[in-house]
Structures are given as C-alpha cells and as structure tokens.
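There are 2 protein chains.
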Amino acid sequence: MAEAQLARAGRHRDSRETQERLLDAAERLLAERGFAGTSLRAVTQAAGTSVSAANYHFGSKEELWRATLARRIAPINRRRLESLDALEQAAGGAPLALEAIFEAYLGPLFAERAARHAVHFVAARLYSDPPELVSTLKLELFGEVIRRFLDALARALPDRSRMELGLRFQFAVGCMVHVMSGNLEDAPLLMESVPESAAAAADDVLADASVLRHMVAFIAAGLRAPAGDAR
Amino acid sequence: MAEAQLARAGRHRDSRETQERLLDAAERLLAERGFAGTSLRAVTQAAGTSVSAANYHFGSKEELWRATLARRIAPINRRRLESLDALEQAAGGAPLALEAIFEAYLGPLFAERAARHAVHFVAARLYSDPPELVSTLKLELFGEVIRRFLDALARALPDRSRMELGLRFQFAVGCMVHVMSGNLEDAPLLMESVPESAAAAADDVLADASVLRHMVAFIAAGLRAPAGDAR
DNA sequence: CAAGGATTCGAACGTATGTTTCGAACAGTC
DNA sequence: GACTGTTCGAAACATACGTTCGAATCCTTG
Numbered sequence: 141m142a143e144a145q146l147a148r149a150g151r152h153r154d155s156r157e158t159q160e161r162l163l164d165a166a167e168r169l170l171a172e173r174g175f176a177g178t179s180l181r182a183v184t185q186a187a188g189t190s191v192s193a194a195n196y197h198f199g200s201k202e203e204l205w206r207a208t209l210a211r212r213i214a215p216i217n218r219r220r221l222e223s224l225d226a227l228e229q230a231a232g233g234a235p236l237a238l239e240a241i242f243e244a245y246l247g248p249l250f251a252e253r254a255a256r257h258a259v260h261f262v263a264a265r266l267y268s269d270p271p272e273l274v275s276t277l278k279l280e281l282f283g284e285v286i287r288r289f290l291d292a293l294a295r296a297l298p299d300r301s302r303m304e305l306g307l308r309f310q311f312a313v314g315c316m317v318h319v320m321s322g323n324l325e326d327a328p329l330l331m332e333s334v335p336e337s338a339a340a341a342a343d344d345v346l347a348d349a350s351v352l353r354h355m356v357a358f359i360a361a362g363l364r365a366p367a368g369d370a371r
Numbered sequence: 141m142a143e144a145q146l147a148r149a150g151r152h153r154d155s156r157e158t159q160e161r162l163l164d165a166a167e168r169l170l171a172e173r174g175f176a177g178t179s180l181r182a183v184t185q186a187a188g189t190s191v192s193a194a195n196y197h198f199g200s201k202e203e204l205w206r207a208t209l210a211r212r213i214a215p216i217n218r219r220r221l222e223s224l225d226a227l228e229q230a231a232g233g234a235p236l237a238l239e240a241i242f243e244a245y246l247g248p249l250f251a252e253r254a255a256r257h258a259v260h261f262v263a264a265r266l267y268s269d270p271p272e273l274v275s276t277l278k279l280e281l282f283g284e285v286i287r288r289f290l291d292a293l294a295r296a297l298p299d300r301s302r303m304e305l306g307l308r309f310q311f312a313v314g315c316m317v318h319v320m321s322g323n324l325e326d327a328p329l330l331m332e333s334v335p336e337s338a339a340a341a342a343d344d345v346l347a348d349a350s351v352l353r354h355m356v357a358f359i360a361a362g363l364r365a366p367a368g369d370a371r
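Chains as they are written, first to last, in our numbering: chain R, 141 to 371; chain V, 141 to 371.
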C-alpha cells in the first residue's frame with residue numbers, strides 16, 4: 141500500500157483500457173438507440189468484455205451513461221469557454237459580434253463531429269432521454285457555459301431582455317441539436333426534385349464547414365431580428 | 141353481416157373508446173419516455189385496460205406507436221397545407237413573405253401545444269427514436285408538407301439553391317422540435333441571475349403566442365441571412 | 001332463443017433485462 | 001512463495017418485457 145504516484149495498483153489486464161473500450165461502445169450505441177433502447181449486454185459485447193466489468197467500473201448502467209456523456213462534453217465545454225475568454229480578452233470590454241460568439245459555441249462541437257466521434261449524437265440524447273437521468277447532469281455540465289454565453293449575448297444586444305435572449309438561445313441550441321442528431325442525413329431524400337446537381341451539391345452544402353457557416357449566419361441573423369408584433 | 145352504416149358491429153364495451161383511451165395514454169407516455177422506455181403494460185395500465193386489448197386493436201407495440209403519431213400529426217399537416225394553399229391563393233402567384241410561410245408551418249403545431257396535447261412531445265420523438273421505427277413514417281407523413289413548403293421558400297428566395305434552403309429549413313425544424321420537446325421548461329433555471337422580474341417576465345416571454353412570434357421572427361431572419369464566407 | 005362474431009381479460013410463454021455473487025487470474029509487496 | 005487487493009468472466013437471480021392463447025362477456029343476426 142505504498143505511495144503509488146498513480147492510483148492504479150494491481151490489475152488484471154488494463155483497467156483504464158477496459159473502461160475506455162466500454163465508454164466507446166456505450167457512446168456509439170447510446171447515440172443510436174438512447175438509454176432505454178440500449179442494453180448493458182449490447183454495450184459490453186461490443187466492447188469485448190463482460191457485464192460485470194461494466195458494473196465493476198461504473199456501478200450501474202445509469203452511471204455508465206453519465207460517464208459516457210461527461211467524458212466528451214466536459215472538454216467541449218472547456219474549449220467553448222476558452223474560445224469565449226480569448227474573444228473577450230481581445231475585445232477588451234467591447235461587445236462581441238454575434239457571429240464570433242456562436243463560432244465559439246458551435247466550433248468545438250463541429251470539430252468533434254468532423255472527428256467522427258459520436259459525441260454529438262450522444263449529446264442530443266440530453267434532450268430526448270428521460271429528465272431524471274440527465275437534468276442534473278445538464279445543469280452541472282452546461283450551467284456555466286450557458287451563463288457565460290448569455291452574458292456575452294446580453295452585451296452584444298443590450299436592448300434585449302435577458303429572458304428574450306434566453307429564449308432565442310434555446311432556438312439556437314435546437315438548431316444545433318437537430319443537426320447533431322443526424323437529421324441532415326435524410327434531408328436529401330426529401331429533395332428528390334433536383335436531379336441534375338443533386339449529389340454533388342448535397343455533398344458540398346452538407347460538408348461540416350459549410351453547415352457550420354450556414355448555422356452561424358442563421359443563428360446570428362435570427363438573434364438580431366426584432367420580435368415582430370402580433371398581427 | 142348486413143350493411144351497418146357505421147363499421148362497428150358487435151362489441152364488448154366500446155371498441156372505439158378503448159382505442160382512444162389507449163392512444164391517449166400512449167401519447168402521454170411515449171412523449172415522456174420514448175418508444176423503448178415505455179412498456180406496453182405501462183400504457184395499458186394508464187389506459188385502464190389490458191395488454192391483450194392493445195394487441196387486439198393494434199397488433200403490436202410498434203403499430204400502436206405509429207398509430208399514436210399518425211393520429212395527431214396527420215391533421216396538423218393537413219392544416220399546414222390548407223394554410224399554405226390559402227396564402228398562395230391570396231397571393232396569386234407572387235412570392236410569399238417568409239413570416240407568412242412559417243406562421244402557416246408552425247401555427248397548427250403551436251395550437252396543439254396550447255391545447256395541452258402531448259402531440260408535440262410525441263412528434264419530437266420522430267427525431268430521437270430509432271430510425272427503423274420512424275423513417276418510413278416520417279417520409280409518409282411529412283413528404284408532401286416538406287416539398288410544398290420548400291417550394292414556397294424557393295419562390296420567396298429565388299437566389300438560393302434548393303439544397304441551401306433545405307439545410308436552413310432543417311435548422312428551422314430543429315428550433316421547433318427543441319421547443320416542442322419541452323426544453324423551455326428548464327430554461328428559466330439557467331437564468332437565475334435576474335431576480336427582480338424573473339417569474340413575471342418568464343411567463344410573459346414563454347407564453348405560447350410569444351414563443352411563436354419570436355420563433356417566426358428568428359427563423360425568417362435566419363433564412364434571409366447571406367451565407368457568410370469562411371474567414 | 002341459438003349461433004356467431006367482436007371485444008376483453010387473466011394467465012402463461014419464452015426471452016431479455018439490470019444487478020449480484022462467486023471464484024479465478026493477475027500484479028505487487030513482504 | 002504466501003498474502004492482499006484489483007480486475008473481470010461465467011453463472012445465477014429476480015424481474016420485466018412483448019406476444020399469444022383460451023375462456024368469458026356482450027352484441028347482433030338468424
């Protein structure tokens with residue numbers, strides 16, 4: 141029981157590697173089928189290990205789910221805050237451009253998407269799996285991020301009420317989640333009416349960079365738009 | 141087997157009523173927990189009937205799920221198309237305002253939301269439950285709606301490519317789905333920083349009519365925004 | 001009233017689930 | 001080389017699942 145500088149003493153094969161194989165498999169399967177739709181056995185089988193290994197490392201299916209989400213989302217939110225910090229530093233107190241704010245917010249997530257991690261699918265589950273599973277996790281992971289970005293928005297649009305900004309920010313989150321959930325994949329199916337340039341144009345417009353560019357423009361313009369009175 | 145003018149011949153209690161109690165219960169539960177997270181027994185218990193009754197009327201859990209979705213979504217999409225027809229009739233070939241197009245698209249759904257039906261939650265499941273369950277249903281229910289509304293958008297914004305419009309339309313769908321999934325309910329939790337006018341302003345901004353107004357403005361402006369070049 | 005179909009329930013079937021238990025394989029320390 | 005603690009596979013457990021079956025109840029039709 142001597143002072144091991146790393147907290148992994150004896151082990152069978154490699155505890156760390158097993159955990160990550162489990163998290164990888166869980167990430168993929170949870171993304172496709174959600175929490176209730178994914179059995180622990182499916183995960184452990186895909187990870188090439190056993191049910192007891194999963195419960196040994198994570199204690200329960202629910203904790204495995206939480207660990208899967210937190211592993212990917214925490215670094216993304218860290219990068220978001222770093223980008224925002226850098227922007228505010230450079231601006232020296234001046235309000236930021238909406239486009240810059242949302243590039244800081246969306247960029248890290250799109251980077252993961254481009255890296256072909258299933259994180260974006262999984263993150264989308266934050267908004268579709270039962271609340272008792274994810275609501276505390278949501279606040280825990282996103283509380284500071286939302287506060288900081290709302291502050292930045294409030295400085296950029298000083299004439300809007302905080303509640304209004306919060307509402308519109310949720311619209312932006314909706315765009316993001318929807319796209320990250322893979323709903324662009326069947327979009328081409330719905331537009332069979334342009335035969336000539338179909339496939340080429342689709343790949344062009346639906347490339348990661350293009351989607352990000354369009355989304356930033358869409359959201360920024362949407363936030364700037366005046367409320368529009370009831371007719 | 142004589143010609144009964146209504147197609148309900150012999151029955152135990154009331155076949156139609158049992159079916160609708162089942163659909164009501166399924167709507168509520170599927171909205172909260174999704175397909176995999178909702179057991180047939182939970183549905184039939186909430187409906188005050190038995191598992192076999194459900195399978196008698198719908199054949200399987202999956203068919204019950206589909207019937208639940210179709211019952212509410214089909215009329216909504218009918219109303220959407222009627223509104224669009226009326227607008228185009230009135231315009232007589234001239235392009236429509238983006239705001240009008242999206243009021244036609246979002247209005248019927250918000251009306252259901254105001255009527256406290258869980259349809260919006262359920263509809264959101266179209267985008268979170270496994271594709272093999274819903275993809276054919278999605279095309280079947282939404283194919284014509286998407287085509288017609290994309291046509292209207294193409295006339296309103298003739299300088300945009302069809303694929304670009306399709307992408308941005310998906311952004312709009314994302315806003316809608318996210319809000320309809322109930323994600324505005326925990327929005328106030330994330331904005332604890334305005335103590336004085338908190339509750340009152342929240343109720344005000346988050347009222348159905350207000351959300352619809354903001355969403356229409358947001359989406360219309362987002363669609364109008366130029367793509368923005370990569371920097 | 002008898003026959004037959006429609007509708008419902010309770011029970012049973014086989015399978016799959018999350019969790020627990022037991023023990024073996026292994027690494028590190030004396 | 002025994003002892004200790006970590007890791008994890010095989011099996012068992014109780015429960016829950018979707019589906020099926022048969023009997024019971026009701027209504028309509030002859």
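All C-beta atoms in this analysis are idealised placements derived from N, C-alpha and C, irrespective of residue type, glycine included.
- A distance below 8 Å between beta-carbons, with the five flanking residues on each side excluded, links D164 (chain V) to the following residues of its chain, in chain order: A187.
- With contacts defined as CB atoms closer than 7 Å, G174 (chain V) and H318 (chain R) fail to qualify as a contacting pair.
- It is roughly 9 Å from the alpha-carbon of L293 (chain V) to the alpha-carbon of R300 (chain V).
- Taking a cut-off of 8 Å for Cβ pairs, the region 233–243 of chain V and the region 354–362 of chain V touch, as three or more such pairs fall below it.
- Secondary structure of F175 (chain V) (DSSP, three-state): coil.
- Within the same chain, and ignoring the five residues on either side of R181 (chain V) in sequence, the residues whose Cβ sits closer than 7 Å to its Cβ are V191.
- Within chain R, the residues placing a beta-carbon under 8 Å from that of S321 (chain V) are Y267 and S268, ordered along the chain.
- Annotation note: the region 183–219 of chain V contains the following uninterrupted alpha helix (DSSP H) runs of length 4 or greater, listed N- to C-terminal: 191–198.
- The way I'd put it, the region 192–202 of chain R doesn't touch the region 246–266 of chain R; fewer than three beta-carbon pairs between them come closer than 8 Å.
- Judged by DSSP in its simplified three-state form, H318 (chain R) adopts helix.
- Distance between W205 (chain V) and L281 (chain V), taken at the CA atoms: about 14 Å.
- Here S200 (chain V) is exposed. Its C-beta has fewer than 16 other C-beta atoms within 10 Å.
- Across the set R:P215, R:G283 and R:Q159, the C-alpha of R:P215 shows the shortest separation from the C-alpha of H260 (chain R).
- Contact annotation: R288 (chain V) and L224 (chain V) have beta-carbon atoms nearer than 7 Å.
- Along the length of the region 264–321 of chain V, whole alpha helix (DSSP H) runs at least 4 residues long occupy 271–296 and 302–320, reported in chain order.
- The three-state reading of DSSP puts L346 (chain R) in coil, since its state is none of H, G, I, E or B.
- P248 (chain R) is classed as buried because its beta carbon has at least 16 other beta carbons within 10 Å across all chains shown.
- Spatial neighbours of L290 (chain V) in its own chain (CB-CB distance under 8 Å, excluding positions within 5 residues in sequence) are listed in chain order as R302, L305, G306 and F309.
- Contact of F261 (chain R) with chain V is not assigned, every C-beta pair being separated by 7 Å or more.
- Neighbours of G362 (chain R) in chain V, taken as residues at a C-beta separation under 7 Å, are given in chain order as F358, I359, A361 and G362.
- In terms of Cα proximity to R364 (chain V), the closest of V:P298, V:E325 and V:A347 is V:P298.
- The three-state reading of DSSP puts D164 (chain V) in helix, counting H, G and I together.
- At a cut-off of 7 Å between beta-carbon atoms, G247 (chain V) makes no contact with chain R.
- For G368 (chain R), the nearest beta carbon of chain V is closer than 7 Å to its own beta carbon.
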